[in-house]
Amino acid sequence: MTTATREETLGFQTEVKQLLNLMINSLYSNREIFLRELISNAADACDKLRYAALDNDALYEGDSELRVEIEHDSDAGTVTLRDNGIGMSRDDVIANLGTIAKSGTAEFLQQLSGEQQKDANLIGQFGVGFYSSFIVADEVSVRTRKAGAPAAEGVEWRSAGEGEFTIGELERDAHGTEIVLQLKEDAKEFADDSRLQNLVRKYSDHIEVPVKMPRTEAAKDDDGNDVEGSEVTTWETVNEATALWVRPKSEITADEYKAFYKHVSHDFSDPLTWSHNKVEGKLEYTSLLFVPGRAPFDLYERDGARGVKLYVQRVFIMDDAEQFLPLYLRFIKGVLDTRDLSLNVSREILQQDPQVEKIKSALTKRSLDMLKKLTKDTETYQTFWNTFGSVLKEGPGEDPGNRENIAGLLRFSSTHTDSATQDQSLADYVERMKEGQQKIYYIVADGFNAAKSSPHLEIFRKKGIEVLLLSDRIDEWLMSHLTEFDGKTLTDVAKGELDLGDVEDEEEKKAQEETAKDKEDLVKRVQEALGESVQEVKVTHRLTDSPACVVLPEHEMGFQMRRIMEAAGQPLPEVKPILELNPGHALVNRLEGADEASFSDLAHILLDQAIIAEGGHLEDPAAYVKRLNGVLTA
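Just so we're aligned: the sequence shown equals residues 64 to 697 in the working numbering.
Put into structure tokens, the structure is as follows:
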């Protein structure tokens, strides 16, 4: 074996040191997945060479039968995996094996708790499967040469996973990559033919590239004994070696779909559901889409890696082809294989190809249909919603054409259950609407408890009218785009005039008008006392227990959204609230009988308390405290 020259020792990136420590010391519960990760990486390298060779078949170097080979040495305690794929240059090796080239990884590692660190499922969450080698190996050696490079430009990389690695030059005739694992004493079980074959069939049967292992047979004498010196070794394909998505659905088991999902997503948990479809006609493509059971760490990084694996006529083109699904479906994983794109397609060409938009529209509809079917399994859909619900809420604003379909998938908290769990659909709400009710009512607040306890709900609770309780940061933005469902208008109970439709009878409305007339003088006095602090003062019938509340104009930005925008440094014009008084409340009656000296203070206290109850912030808290103390000690 050629020895590496011009070696140098380099330190791992900080994140890799943390990850290796995690791998070596904590993750033992599912050690066998190291082989799946290495095979997946090798298959990707073969796919990349096949694609690169479309323009230059000399890259095959006379060896166009792409494959992955696995062998072991029980006596030496080693497992070797090699491929004849694209290979790596020295710079590639340092970039790919010395760092974790994915944004957010450092933050993710810092957030791991002690309990989480024991979970082997974390390995694949950020696409660093190569490092899982160190779960079973004391030392890992990588020998590689990039296809098309001279033999003298081979590279050898070695590490014991202890914070540094050695890299040197190597004379290497074959292109591709070879990985040698020096197994730990308690991992020698993997240096076994049957064990390795079972793992290949269990995890990598679906991989299109053949995975081969050596099989040695000897001639037999008349007594059935091996003839010494007659041994012949052949390489036997262990896996199915057929692209799973091109096989008929009827021939694929659920376990095979789950294994394939883990291959394309580098996730270690099963998907919640999947959709496998072949389309023929004006468009010809096959899609296999999966809904994950857990969120990747970079789910909320809108610029993070996302999208499906793209193949053109079974030739791998690119990972993370984000052009085929909208941003709000960025959690969907899978494969797209089409005949309608050219083999030399690039990300730039994809952006200009009219076929892409047609396929995107079809895959979006397919994904939403898949989620709609999932809603029939309430428990599983709740798992999906708890994980990805806030991302799906981006949909109505980003995809108006599918707004109604997305609306049917949304889930909310509601006064029907008074639970923080978002498990009520708009269809559920409509089905429970009271006779004469024409609108779907909701309230937006900074938190669930603030929404549940809002004074604006008092009249609704009294009359038994359900209100959706919205507290996610995206909710107000969502409702600015989702204005109607099933012919019913969605209405914010904290904005504009309160209209309960035919739920209120004529006698109630007449009594309210008379009360408002009786309190005209009080309303006028309060308006004068508060001056520029409010836009208007009026009597309300929306309150039963609270003395007052603040309301915004119907089309004005809500308090929650204003605070988010202001926190982001966005200057906003000042908006003065409307103060509504509860004419039947003791404090309002006290206000009516107050002398001039205390009237102004009491009016300001009612306004400030209403703002606080709404989750707002007082411009002068000290003045509020001083007025309150004055009233209490009077």
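Positions of the beta carbon are idealized from the N, C-alpha and C atoms, including for glycine.
Here the structure is a predicted model, which is why all the values come from computation and not from measurement.
Can you check whether the CB of residue j is closer than 8 Å to the CB of residue i?
i: Leu472; j: Leu531; result: no
i: Ile422; j: Leu346; result: yes
i: Ser477; j: Gly510; result: no
i: Asn645; j: Ser596; result: no
i: Leu437; j: Leu335; result: yes
i: Arg235; j: Phe228; result: no
i: Glu241; j: Arg206; result: yes
i: Ser430; j: Ile395; result: yes
i: Pro389; j: Thr450; result: no
i: Val243; j: Val274; result: no
i: Tyr391; j: Glu461; result: yes
i: Gly140; j: Leu246; result: yes
i: Ser661; j: Val694; result: yes
i: Ala384; j: Val371; result: yes
i: Lys497; j: Thr552; result: no
i: Ile133; j: Met276; result: yes
i: Leu129; j: Arg145; result: no
i: Val589; j: Val600; result: yes
i: Val142; j: Val272; result: no
Using CA atoms only, rank isn't needed, just tell me which of the options is closest to residue i.
i: Leu654; options: Val586, Leu635 and Glu637; result: Val586
i: Ser152; options: Ala108, Arg524 and Ala322; result: Ala108
i: His479; options: Tyr505, Pro459 and Ile641; result: Tyr505
i: Lys321; options: Glu280, Gly464, Glu343 and Ser267; result: Ser267
i: Ser195; options: Gly224, Lys209 and Ala215; result: Gly224
i: Ile674; options: Ser430, His519, Leu404 and Ile395; result: His519
i: Pro311; options: Asp285, Asn692, Asp333 and Val342; result: Val342
i: Thr35; options: Ala116, Leu695, Ile149 and Ala470; result: Residue 35 lies beyond the range of the chain shown here (64 to 697); nothing can be said about it.
i: Ala210; options: His238, Asp285 and Met542; result: His238
i: Ala317; options: Thr305, Asp333 and His326; result: Asp333
i: Gln699; options: Thr296, Gly647 and Glu303; result: Here the chain comprises residues numbered 64 to 697, so residue 699 is not present and cannot be evaluated.
i: Tyr444; options: Asp416, Ser424 and Gln487; result: Gln487
i: Lys573; options: Glu591, His604 and Val589; result: His604
i: Ala592; options: Ala611, Ala215 and Ser663; result: Ser663
i: Gly125; options: Ser137, Ala105 and Asn147; result: Asn147
i: Phe193; options: Ala115, Ile96 and Gly226; result: Ile96
So, is residue i buried or exposed, given that buried needs 16 or more other C-beta atoms within 10 angstroms?
i: Gly217; result: buried
i: Asp671; result: buried
i: Leu489; result: buried
i: Ala254; result: buried
i: Gln485; result: buried
i: Ala282; result: exposed
i: Ile412; result: exposed
i: Ile163; result: With a pLDDT of 48 at Ile163, under the threshold of 50, the modelled position of this residue cannot be trusted, and the question is left open.
i: Pro359; result: buried
i: Arg357; result: buried
i: Gly150; result: buried
i: Met628; result: exposed
i: Thr696; result: exposed
i: Gly226; result: exposed
i: Val556; result: buried
i: Val507; result: buried
Distance check for residue j and residue i, CA to CA, integer angstroms please.
i: Trp540; j: Glu364; result: 18 Å
i: Gln414; j: Ile537; result: 28 Å
i: Glu70; j: Leu233; result: 10 Å
i: Arg393; j: Asp330; result: 15 Å
i: Gly292; j: Ala250; result: 32 Å
i: Ile270; j: Glu442; result: 32 Å
i: Glu280; j: Asp289; result: 9 Å
i: Trp298; j: Val203; result: 24 Å
i: Asp715; j: Val354; result: Outside the displayed span of the chain (64 to 697) sits residue 715, for which this structure offers no information.
i: Glu617; j: Glu560; result: 8 Å
i: His680; j: Lys639; result: 13 Å
i: Glu457; j: Gly621; result: 18 Å
i: Asp155; j: Thr72; result: 16 Å
i: Phe548; j: Leu160; result: 51 Å
Does the ligand COA have a heavy atom nearer than 7 Å to the CB of residue i?
i: Thr316; result: Ligands displayed in this structure: none; no statement on the ligand COA is therefore possible.
Between which two residues does the alpha helix (DSSP H) holding residue i run?
i: Val651; result: Ala649 to Glu655
i: Gly458; result: Gly458 to Glu461
i: Trp448; result: Thr441 to Leu455
i: Ser424; result: Pro417 to Leu437
i: Phe323; result: Ala317 to Ser328
If you follow the beta strand (DSSP E) that residue i is in, where does it begin and where does it stop?
i: Asp400; result: Lys396 to Thr401
i: Asp382; result: Val378 to Ala384
i: Arg145; result: Thr141 to Asp146
i: Tyr348; result: Tyr348 to Val354
i: Val530; result: Val530 to Leu533
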